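First up is the structure itself, then whatever we jot down about it.
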Amino acid sequence: MNILIIEDEQLAIERLTLLLKTYDEKINVLGAVESVEEAVEWLSTKTHPDLLFVDIHLADGHSFEIFKRVIVKKPIIFTTAYDQYALDAFQLYSIDYILKPITAASLANAINKYKVMVANTAQPNYKVLLNELKENIATKYKNRFFAKIGQKLFFIAVHEIAYFIADNKIVHLVSTDGKKYIVNVTMEKLEKLVDPSLFFRANRKFMVHIDAIEQVRPYDNNRLLVLIKNIAIAEDIIISREKVAAFKLWADS
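For what it's worth, the UniProt record's numbering labels the leading residue of the sequence shown as 1, then goes sequentially.
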């Protein structure tokens with residue numbers, strides 16, 4: 001079975017590839033492309049794989065744009081943290097929809113559906129799928145992150161996160177015990193992945209968890225200084241003057 005991965009997070013690519021090989025070492029991952037443009041180029045110039053694993057939210061747009069520009073008649077399994085896109089996903093030739101983080105069980109279930117479909121040479125029953133989704137669909141946010149220190153990989157639950165900090169193009173997750181991990185995601189994308197009732201984007205560099213805040217102090221120029229519990233931070237977390245009102249509303253909600 002030949003598979004193409006369309007995904008913009010390197011850690012997610014590595015994990016999916018490992019899970020696929022664990023499921024069946026004979027699976028051939030043809031490659032991974034990270035954007036709408038790269039996917040359109042790949043699918044326009046190469047023989048299409050037997051099956052595609054496609055993240056919905058890519059760095060340069062939603063993956064649905066790919067299928068508006070290239071005719072793809074092969075089955076698709078969507079992988080994403082956003083289940084609000086499920087209805088759009090099943091309008092395409094999709095056989096399953098897996099919410100991240102992908103588990104071995106959810107992956108096996110999706111591939112087994114693919115095998116049944118191929119054996120029956122029939123397309124999925126979209127009417128049934130759509131009806132199920134309409135009954136169960138709800139906005140979900142990530143409850144854990146796949147992060148790393150050096151070459152070691154970890155799952156960090158949301159309640160274990162104190163804050164995120166952006167350092168140039170690298171985003172770090174800092175846990176409540178002060179450990180610093182790399183996460184392969186931008187701050188802009190994080191704002192869509194996390195529950196806004198738990199996390200607040202303090203400024204361009206910092207996003208803080210409500211439970212990690214020890215106290216908030218007035219700061220110069222009508223700004224606020226946020227202090228984190230049990231963690232010494234080299235750089236102050238400052239709520240900009242423009243965000244003070246929104247922060248107070250968030251903190252009091």
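We treat Cβ as the ideally placed atom computed from N, Cα and C, and that holds for glycine.
These numbers come from a predicted model, not from an experiment.
Check, Outcome
"Smallest Cα separation from Tyr163: which of Asn203, Tyr141, Glu9 and Ala12?", "Asn203"
"By Cβ distance, which residues of its chain are closer than 6 Å to Leu11, with the 5 residues on each side in sequence left out?", "Phe146 and Asn184"
"Expressed to the nearest angstrom, what Euclidean distance is found between the alpha-carbon atoms of Val171 and Lys205?", "9 Å"
"Among Gln151, Val33 and Glu214, which residue has its Cα nearest to the Cα of Leu4?", "Val33"
"Thinking C-beta only, is Leu19 closer than 9 Å to Ile102?", "yes"
"Is the segment 220-228 close to the segment 185-194, with three or more CB pairs under 8 Å?", "no"
"Where does the unbroken alpha helix (DSSP H) through Gln10 begin, and where does it stop?", "Gln10 to Tyr23"
"Please classify Pro196: is it buried, with 16 or more other beta-carbons within 10 angstroms of its beta-carbon, or exposed?", "exposed"
"Can you name, in chain order, every residue of its own chain whose Cβ lies under 6 Å from the Cβ of Gly61, other than the five neighbours on each side?", "Val36"
"For Glu9, count the other beta carbons within 10 Å of its own beta carbon; 16 or more makes it buried, fewer makes it exposed. Which is it?", "buried"
"I need the straight-line Cα distance from Arg65 to Glu7, nearest angstrom please.", "Checking the sequence shown, residue 65 turns out to be Glu, not Arg. Computed Cα separation, rounded: 14 Å."
"Among Met187, Thr176 and Leu198, which has the Cα closest to the Cα of Arg231?", "Rather than Arg, the amino acid found at residue 231 in this sequence is Ile. Comparing Cα-Cα distances from Ile231 to each of Met187, Thr176 and Leu198, the minimum goes to Thr176."
"According to the Cβ coordinates, are Ile149 and Ile182 closer than 9 Å?", "yes"
"Comparing alpha-carbon positions, which option in Val70, Arg241, Glu25 and Lys180 lies nearest Lys152?", "Lys180"
"Once DSSP output is grouped into helix, strand and coil, what is the label at Tyr97?", "strand"
"Can you grab the Cα-Cα spacing for the pair Lys38 / His209, in whole Å?", "Reading off the sequence shown, one finds Glu at residue 38, where the question assumed Lys. Their backbone Cα atoms lie some 35 Å apart in a straight line."
"Can you check which of these residues, Ile56, Ala157, Glu242 and Leu16, is closest to Arg105 by C-alpha distance?", "The sequence shown places Ala at residue 105, rather than the Arg named in the question. When each option's Cα is compared against that of Ala105, the closest is Leu16."
"So, using beta-carbon positions, are Ala81 and Tyr23 closer together than 9 Å?", "no"
"Can you tell me which of the three DSSP states Val158 falls into?", "helix"
"Rounded to a whole number of angstroms, what is the C-alpha to C-alpha distance between Val116 and Glu14?", "26 Å"
"Could you check if Lys169 is buried or exposed, using at least 16 other CB atoms within 10 Å of its CB as the buried criterion?", "exposed"
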